[in-house]
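J.:
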Amino acid sequence: MRLHTEVVGREITAVVERSTSQVYAINYKTMEYKGQLTGRLKISVVSAGKYIMSYFLSDFMKENNGLKFIIDEGNIFFKH
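Structure (C-alpha coordinates):
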(Lines of atoms letter the chains of each structure in order from A and count residues from 1; the text may use other names and numbers.)
(Lines give C-alpha, C1' and ligand atoms only; values in the text may rest on other atoms or scores of the structure.)
Protein backbone atom coordinates (compact mmCIF):
# COMPACT_ATOMS: atom_id res chain seq x y z
CA MET A 1 0.00 0.00 0.00
CA ARG A 2 1.34 3.41 -0.92
CA LEU A 3 0.37 6.77 0.42
CA HIS A 4 0.50 9.55 -2.16
CA THR A 5 0.65 13.07 -0.77
CA GLU A 6 0.10 16.26 -2.66
CA VAL A 7 2.09 19.45 -2.28
CA VAL A 8 -0.62 21.06 -0.16
CA GLY A 9 -0.65 18.02 2.15
CA ARG A 10 3.11 18.24 2.68
CA GLU A 11 2.86 21.98 3.36
CA ILE A 12 0.08 21.48 5.90
CA THR A 13 2.08 18.69 7.56
CA ALA A 14 5.07 21.03 7.94
CA VAL A 15 2.88 23.77 9.48
CA VAL A 16 1.29 21.30 11.92
CA GLU A 17 4.70 19.94 12.96
CA ARG A 18 6.01 23.47 13.64
CA SER A 19 2.86 24.37 15.58
CA THR A 20 3.09 21.21 17.66
CA SER A 21 6.74 21.93 18.46
CA GLN A 22 5.82 25.43 19.60
CA VAL A 23 3.04 24.11 21.85
CA TYR A 24 5.50 21.68 23.46
CA ALA A 25 8.01 24.51 23.93
CA ILE A 26 5.36 26.63 25.66
CA ASN A 27 4.41 23.72 27.93
CA TYR A 28 8.07 23.09 28.83
CA LYS A 29 8.66 26.78 29.60
CA THR A 30 5.55 26.87 31.79
CA MET A 31 6.76 23.81 33.72
CA GLU A 32 10.24 25.33 34.10
CA TYR A 33 8.69 28.53 35.46
CA LYS A 34 6.85 26.43 38.05
CA GLY A 35 10.16 24.84 39.10
CA GLN A 36 9.57 21.46 37.49
CA LEU A 37 12.22 19.48 35.65
CA THR A 38 11.79 19.42 31.87
CA GLY A 39 13.61 17.94 28.90
CA ARG A 40 14.65 14.49 27.77
CA LEU A 41 16.02 11.73 29.98
CA LYS A 42 17.63 9.08 27.78
CA ILE A 43 19.07 5.95 29.37
CA SER A 44 20.82 3.12 27.52
CA VAL A 45 20.29 -0.34 29.00
CA VAL A 46 20.75 -4.04 28.27
CA SER A 47 17.81 -6.12 27.02
CA ALA A 48 15.90 -6.68 30.29
CA GLY A 49 16.94 -3.28 31.63
CA LYS A 50 13.99 -1.41 30.16
CA TYR A 51 11.63 -3.23 32.53
CA ILE A 52 13.86 -2.79 35.57
CA MET A 53 14.64 0.89 34.90
CA SER A 54 10.98 1.67 34.25
CA TYR A 55 10.13 0.17 37.65
CA PHE A 56 12.89 2.02 39.53
CA LEU A 57 12.19 5.37 37.86
CA SER A 58 8.38 5.23 37.90
CA ASP A 59 7.93 7.42 41.02
CA PHE A 60 10.54 9.89 39.76
CA MET A 61 8.79 10.15 36.41
CA LYS A 62 5.38 10.67 38.06
CA GLU A 63 6.81 13.57 40.07
CA ASN A 64 8.54 15.07 37.01
CA ASN A 65 6.04 14.75 34.19
CA GLY A 66 7.88 17.45 32.23
CA LEU A 67 10.59 14.93 31.40
CA LYS A 68 10.40 12.85 28.26
CA PHE A 69 11.70 9.46 29.32
CA ILE A 70 13.45 7.37 26.65
CA ILE A 71 15.06 4.00 27.29
CA ASP A 72 17.47 2.91 24.55
CA GLU A 73 17.83 -0.86 24.35
CA GLY A 74 20.27 -1.28 21.48
CA ASN A 75 18.23 -0.48 18.40
CA ILE A 76 14.83 -0.74 20.18
CA PHE A 77 13.34 2.37 21.82
CA PHE A 78 10.80 2.44 24.65
CA LYS A 79 9.09 5.80 25.17
CA HIS A 80 7.16 6.78 28.26
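Numbered as in our numbering, the sequence shown ends at 183 without a single skipped number.
In this text, a Cβ means the ideal position worked out from N, Cα and C, and glycines have one as well.
1. Does the distance from the C-beta atom of Leu170 to that of Gly142 stay below 8 Å?
2. For the alpha helix (DSSP H) that contains Gly152, what are its first and last residues?
3. State the CB to CB distance for the pair Ile174 and Ile146, rounded to an integer number of angstroms; the pair is presumed to be in contact (CB under 8 Å).
4. Going by DSSP, what residue range makes up the beta strand (DSSP E) through Glu109?
5. Less than 8 Å between the beta carbons of Glu176 and Ser157, yes or no?
6. Which one or two residues does DSSP pair with Ser147 in a beta bridge?
T.: In terms of the structure at hand:
1. A contact, by the Cβ cut-off of 8 Å.
2. Note, Gly152: alpha helix (DSSP H), 152-166.
3. With 8 Å as the limit, Ile174 and Ile146 qualify as a contact, their Cβ atoms being about 5 Å apart.
4. Under the DSSP assignment, Glu109 falls outside any beta strand (DSSP E); it carries neither an H nor an E label.
5. No, the pair does not count as a contact, with Cβ atoms beyond the cut-off.
6. DSSP, once it has assigned bridges, lists Asp175 as partnering Ser147.
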